[in-house]
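Using numbering that gives the first Met the number 0, you'd call the opening residue of the sequence shown number 0 and step up by one each time. Working notes for the structure below.
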Amino acid sequence: MKSLVRKLGLIENLFDTAHSLGSMIYVNIVRLEGTINPDLLKQALDLVQKHYPMLQVHLVKLEDDNYFQSAGTLD
């Protein structure tokens, strides 16, 4: 993926503000049964992340606005 930098949209900024106020926190809980191979799980998560570019970004707060940015996102 090429490096991505873009401003958050109106709704995205609304969610960021609401989150910073402690509301609207979204949590996923998964219950898995049986033994899970950690290497296989890591491989599956890597494939999902490569398929969806927005899972390869993090939020950056700059002076003028909030941005999604891919450079510097941890693997």
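By construction, the Cβ of each residue, glycine as well, lies at the ideal position given by its N, Cα and C atoms. Nothing here was measured: the structure is a model prediction, and the numbers come from that model.
Could you pull the start and end residues of the alpha helix (DSSP H) that L9 belongs to?
L9 to S19
Alpha carbon of N12 to alpha carbon of N65, nearest angstrom
7 Å
DSSP puts N65 in a beta bridge; with which residues?
K60
Might you give, ordered along the chain, the residues of its own chain that have their beta carbon closer than 8 Å to the beta carbon of V56, omitting 5 neighbours on each side?
L3, F67, Q68, S69 and T72
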